[in-house]
RNA sequence: AGCGCUGUCGCCAAAUGGUAAGGCAACGGACUCUGACUCCGUCAUUUUCAAGGUUCGAAUCCUUGCAGCGCUGCCA
């Protein structure tokens, strides 16, 4: 299976990044003949979501495509934001997607010593200086469009900066009192070049370095150095770093790096409609209990998607399908859903489950009699075999499969209409039983004993639909959770929009007392006994005519199976009302 | 307003000066023991944001506009 995934990813169509890379390693290119080396640098301050998948597939995928390598690097230069808590989850999610970094696992903080030496090198070259502007002053002196920035400390003698930087490092300077700034161009139209801060003081415990350091490099300084030290050729990142590229190049140019200079290339990050992608907003949903957690099946997080039933293959197919470009667009969720259906249609075992049960009584079928039928596990895969289902006089069928007064084009049960009970018999509806309030409580029908297996003895064409059912005698109860979009608004992430106001109050519908084949009970029990249920996909099925469902990796138990609807089946039946 | 990026079907996206791929969605139809799947067909020719220009030929090159996104953290 991993090999299949590999080939799939490596065979994707080209894109502008691959064109650049091809040029770079080709004849006359800046990395002629070299091994392509990329990196995936998540900041360990939250869970990976589908937006990260795009970056993941681009970083690892590009390396794979060119027979190169991709490093995993935890970008943890800001001690105030990162936490070890997320590190393991990030690794787990990447592995689940099918990517592997081998022994190339790093932390940005592992380079603090080198960062420090490179900073001193810049000072010595007259390319960096210690600035004593406070944060407020810094902002005031920042200038504006057309107005250059200022710093009274810009021309401080090299020796003095060296001394002060040493003091900063030794903890002799209060937090916020001094910064180290790169000396570039205070008048640049690109604000990142207006003598950016490259070191700040922070008296906070770092999740890996402890209290060893009290000065920390900024992203713009640390990242190019990390890339350079790891021998990265192509540093692929999202569009918002485009204007940071001149600074990236400046650092790489002015610091004595042991290898080649890496090249930064930017691509558009992923947006999907009806969802939010920012960590801040996702965190809010979790912390304010709008969802049950980071792995709520409605969340776009990888753990949420996995719990929902999304396969790694479907997500990688999706990323492959949407392509790589520089246009900031919003991809329709329908595209992702298509990829899931496509994958699950091939692999998911078919089973019958009745979500909103109503009794069906076959009045001319002997009481107490029972027989077995074989149901194909997957019609798209003849090798997948069959499984046995029991049948009797009393069945459960879907409530919506009966209508006392049929609507136009309705092919299911209504008085006088003949339908097929999947894999069993043809039955003709003879009426129904209602309670005192007029609600239908039981549907009545008569079966054609000559149609055993589902085909009529006389070979007549059955015009009615084939409906699914479960035997009352053997069915077991299950909880089924149906999910809709978390947000009604197409773009809850849009400007001037309060995403919390766009939430769909009916994004989760819980159904109890759903009737499933007894086989599901055995599978739920086996799943119950598994040790690590969250790092891989739970058993997944197609509930015929209903959609794809998987066991919930948190709440399902042998006594109380819980299924999540991963995605519905497409439905072209549109009754005119 | 300064800097940067981007405008090709409802959505994503090819086309690298040679006459607008593909996928998703949608809509028809065929098939079907899942109203699924599959298959067939339709879906940018006063056409590539607009207007000019260069060229035998322009989505591609030039000019001028217009629109969208991003940027003035001691975040990444």
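In the numbering used here, the protein residues as written are 117 to 693. From the three backbone atoms N, C-alpha and C, an ideal C-beta is built for every residue, glycine too. The structure displayed is predicted, hence computed values, not measured ones.
Taking a contact as a CB-CB distance under 8 Å, the pair residue 527 and residue 570 does not count as one, their CB atoms being some 16 Å apart. Among the bridge pairs identified by DSSP, residue 514 is matched with 473. Counting along the chain, the unbroken beta strand (DSSP E) around residue 592 starts and ends at 592-599. Per DSSP, reduced to three states, the secondary structure at residue 676 is coil, with no helix or strand assignment. Taking a contact as a CB-CB distance under 8 Å, the pair residue 175 and residue 352 counts as one, their CB atoms being some 6 Å apart. Three or more Cβ pairs closer than 8 Å define a contact, and the region 212-232 falls short of that threshold against the region 253-270.
Between residue 157 and residue 164, the gap from beta carbon to beta carbon reaches 8 Å or more. Beta-bridge partners assigned by DSSP to residue 224: none are found. Inter-segment contact for the region 172-190 and the region 441-450 is absent: fewer than three beta-carbon pairs are separated by less than 8 Å.
Pairing residue 575 with residue 540, the inter-Cα distance amounts to about 15 Å. Residue 582 has its alpha-carbon roughly 4 Å from the corresponding atom of residue 536. DSSP lists 543 as the bridge partner or partners of residue 563. When DSSP assignments are scanned along the region 366-439, the uninterrupted stretches of alpha helix (DSSP H) that are 4 or more residues long and fall wholly within it turn out to be 395-403, 418-424 and 428-438. For residue 187, the three-state secondary structure derived from DSSP is strand.
DSSP, read as helix, strand or coil, puts residue 333 in strand. If the five residues before and after residue 429 are omitted, its C-beta is found closer than 6 Å to the C-beta atoms of 459, all from its own chain and listed in chain order.
Under the DSSP assignment, residue 587 falls in the beta strand (DSSP E) whose first and last residues are 585-587.
Excluding sequence positions up to five before and after residue 153, its CB lies within less than 6 Å of the CB of 184, 185, 347, 348 and 349, all in the same chain and listed in chain order. Leaving aside the five residues that flank residue 644 on each side, the residues in its chain whose CB is nearer than 6 Å to its CB run, in chain order, 673 and 674. Contact between residue 635 and residue 437 does not hold, since the beta-carbon distance rounds to 34 Å and is not under 8 Å. Of all C-beta pairs linking the region 384-401 to the region 195-206, fewer than three are shorter than 8 Å, placing the two stretches out of contact.
Residue pairing by DSSP leaves residue 172 without any beta bridge partner.
Straight across, the Cα-Cα distance linking residue 366 with residue 418 is about 36 Å.
Straight through space, the alpha carbons of residue 549 and residue 478 are spaced by roughly 13 Å. Excluding sequence positions up to five before and after residue 308, its CB lies within less than 8 Å of the CB of 336, 359, 360, 362 and 363, all in the same chain and listed in chain order. Going by beta carbons, residue 223 and residue 270 fall outside the 8 Å limit.
Annotation: residue 251 to residue 268 spans about 14 Å, alpha carbon to alpha carbon. Beta-bridge annotation (DSSP): residue 153 is paired with 185.
Residue state for residue 481 is assigned as coil, using DSSP reduced to three classes.
Ranked by Cα distance from residue 640, the options 671, 652 and 664 are led by 671.
Relative to the Cα of residue 630, the nearest Cα in the group 679, 657 and 382 belongs to 679. Counted as a single uninterrupted DSSP element, the alpha helix (DSSP H) harbouring residue 285 occupies residues 274-285.
Per DSSP, the continuous alpha helix (DSSP H) segment holding residue 643 begins and ends at 634-644. For the set 663, 668, 667 and 677, the Cα lying nearest the Cα of residue 684 is the one of 663.
Less than 8 Å separates the beta-carbon of residue 584 from that of residue 538.
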